[in-house]
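K.L.:
Numbering (full-length UniProt numbering), first residue to last: 78 to 758.
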Ligand code: ADP
Ligand code: MG
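1) I need the straight-line Cα distance from residue 210 to residue 260, nearest angstrom please.
2) Per DSSP, what are the beta-bridge partners of residue 167 in this structure?
3) By the 10 Å Cβ neighbour count, where 16 or more other Cβ atoms means buried, how is residue 266 classified, buried or exposed?
4) Could you say which of 647, 381, 510 lies nearest to residue 573 if we only look at CA atoms?
5) Report whether the distance from the Cβ of residue 305 to the nearest heavy atom of the ligand ADP is below 7 Å.
6) To the nearest angstrom, how far is the alpha carbon of residue 743 from that of residue 672?
7) For a test of the three-state rule: what should DSSP assign to residue 316, helix, strand or coil?
8) If residue 608 and residue 738 are in contact, beta carbons under 8 Å, what's the gap, nearest whole angstrom?
9) Would you say residue 235 touches the ligand MG, meaning its beta carbon is less than 7 Å from a heavy atom?
10) Does the ligand MG have a heavy atom nearer than 7 Å to the CB of residue 209?
11) Note down, in chain order, each residue of its chain lying with its Cβ closer than 7 Å to the Cβ of residue 619, except the 5 sequence neighbours on either side.
12) Nearest by alpha-carbon distance to residue 355: which of 364, 373, 369 is it?
13) Looking only at C-alpha atoms, which of 443, 428, 495, 409 sits nearest to residue 456?
14) Among 404, 104, 414, 509, which one has its Cα closest to the Cα of residue 350?
15) How close, in whole Å, do the beta carbons of residue 416 and residue 458 come, if the pair is a contact with beta carbons under 8 Å?
16) Which residues in the same chain have their Cβ closer than 6 Å to the Cβ of residue 547, if we skip the five residues on either side of it in sequence?
17) When the Cα atoms are used, what is the spatial distance from residue 397 to residue 338?
18) Report the residue from 312, 195, 276, 425 whose alpha carbon sits nearest the alpha carbon of residue 160.
19) Does the beta-carbon of residue 334 have 16 or more other beta-carbons within 10 angstroms, so that it is buried, or is it exposed?
20) Could you check which residue in 656, 237, 172, 132 has the C-alpha nearest to that of residue 382?
21) Between residue 745 and residue 636, what straight-line distance do the alpha-carbon atoms span, to the nearest angstrom?
22) What's the gap between the Cα of residue 435 and the Cα of residue 689?
23) Which same chain residues, not among the five before or five after residue 188, have their C-beta less than 7 Å away from its C-beta?
24) Which residue wins for smallest C-alpha separation from residue 699, given the options 675, 728, 289?
25) So, residue 664 versus residue 562, is the Cβ gap smaller than 8 Å?
26) Look up residue 690 in the DSSP assignment and give the residues it is bridged to.
27) Pull up the DSSP beta-bridge partners for residue 442, would you.
28) Is residue 417 a contact residue of the ligand ADP, with contact defined as CB to any heavy atom under 7 Å?
29) Mind the definition here: the segment 145-154 touches the segment 464-473 only if three or more C-beta pairs lie below 8 Å; say whether that holds.
30) If residue 565 and residue 680 are in contact, beta carbons under 8 Å, what's the gap, nearest whole angstrom?
31) Can you name, in chain order, every residue of its own chain whose Cβ lies under 8 Å from the Cβ of residue 347, other than the five neighbours on each side?
32) In terms of residue numbering, what span does the alpha helix (DSSP H) encompassing residue 449 cover?
33) How would you label residue 156, buried or exposed, when you count the other beta carbons within 10 angstroms and need 16 or more for buried?
34) Using CA atoms only, rank isn't needed, just tell me which of 726, 736, 713 is closest to residue 706.
35) What residue range is occupied by the uninterrupted beta strand (DSSP E) comprising residue 581?
36) Quick check: is any heavy atom of the ligand ADP less than 7 Å from the C-beta of residue 342?
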């Protein structure tokens, strides 16, 4: 690994003009030039000075001004971080990985050396890593092994305005541990016996809500960076557009045929819409007249391979218009160069916990209207390099009735996972100094779930099993199934199923035009007990193919069976990580129940016990823990069957409540389970 002439051994060598001893190639030189063009560059020295002077700094700046990519490098280059690491937290996985990639290039080194990243199930870092982009969830996880975050000298909380649950918990913890590490003001200074070094906190945000952060940190200093925003002309649609995907496509081709050159950015709520719009744009682009410019569609979403995501940053070939399809990741987290036109569907997906309805389940992603603040951010993306145009696929009245800004996640998400994690840190969610305190209902619901999966006892104290569950980078309900598999001798199977459930996209592709062919192909894997063991059958079949066939025929096999290979590949990596955790907590991941798969359902039942329902005389299912009636999703292998009791992965809300990812479970399980939880208490 010493062959790389640009490899840094020490962050300070990496000054902002690149390592001086080695001449930079033209591409690397161009990158250094770009860095100097960013609005933040002029404030570099002042910024370093302020951060040096203050324990906590709140930094506010327009999207694209250079906060996320430059501030960590400035701190590294100035030596302010000493020999500790600089963490930069992001709410989203794709932002963390793609920004790390960019900053590694700016530091002229490979990703994973000086600049690395850590996201769930994926980490690229080394002992040389000095700047680490990570999700807010990952740094919360690091607290478990390093309660003072002693490896870091600076923690930059980025995109703080999004107020994700984990960002809020992180901010609360940073406040607490900074007190610990930096000591009271009179103990400060040289020769302090305190073994860990002081911690700097930088809170970064793109919107104007800095006051609240500043207040929370004893009126911390707020710094502003002026961006370069050009005028953006905004058009609203005359009527509402219920089919926003179709409407986005028509708007795109209108721009493409009528408007001068410039790339287009389309905001959509999620991956499914992105993929469907990609298909239809590609299809229509083929029918354009010979002489019209080409179209290059670049989708961007979490489940996509990082290499594919990198395509959105490249400039398109000549005579080609780039069309980026993105979720709200492109709102403030990632700035895409070349964008002159924005098409805003006005929709986003948001995590939502329906505590009363779901009776202790997971968060559901719901498509909903965006806020005014998001709408303004989205429009702003058209005016970064010159004047631009934003087409809103909603009416002006609709805009006027949008909520001004979003509600912090802590007020609308399941607290189950966080509560367990905090308890492992010896903390109590109810006693933590938080920016916004959660709802009592949500707390009760989380306590109830943790009790019935056996993570807490009746006195709401952490059990040994609960501690094991918290070691897994999974929702406690899924971790519970793995922990339970130890006793039932089927860890291998349970891990296989959980790995697929944890992947970022679904295993079964739904191709509406070929519904019959799809169900035909699926028949082969179908298990009478339902979807979980059907997944297991697929995993086993794929393993067999994967061990004997070449990559190309594996792809072909997946295509033929309408399976998402990306999911299977990702699941294999996840399985590897889950196995490592198993080894740490003493679960033998090789134990297998062979053909007798009953125990697998029992283990999943232990985890999903709150997600269960009993058959009613009228053929519907009534939740065992909530009061709602649910139907089995038409996509489930159990959709045309009636069984006495079911467990399910999630609820989907359309005109009815559907349970998705469903398995049949013997009713006797619940009697036994009840007896067990009584004993545990
Ligand atoms: P801010 O955090 O203030 O929104 P950033 O630091 O994210 O700003 O972005 C600064 C600049 O870096 C932008 O012009 C953006 O286009 C560029 N940039 C970020 N990531 C990449 C990438 N992967 N490839 C090329 N340019 C990038
Ligand atoms: Mg940023």
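Think of the CB as a built atom: it goes at the ideal place given N, C-alpha and C, for glycine as much as any other residue. Remember, it's a predicted structure, so these values are computed and weren't measured experimentally.
P.N.:
According to the data block:
1) 27 Å
2) 212
3) For residue 266, the pLDDT reaches just 44, beneath the cut-off of 50, and the residue's location in the model is therefore unreliable, leaving the point undetermined.
4) 647
5) no
6) 18 Å
7) coil
8) 5 Å
9) yes
10) no
11) 645
12) 373
13) 409
14) 404
15) 6 Å
16) 497, 498, 501
17) 9 Å
18) 276
19) exposed
20) 172
21) 40 Å
22) Below a pLDDT of 50, predicted positions are generally treated as unreliable, and residue 435, at 49, falls in that range; no measurement from the model is reported.
23) 177, 178, 181, 201
24) 728
25) yes
26) 700, 723
27) 428
28) no
29) no
30) 6 Å
31) 378, 404, 426, 442, 444
32) 449-457
33) exposed
34) 736
35) Element bounds for residue 581: n/a, residue is neither H nor E.
36) no
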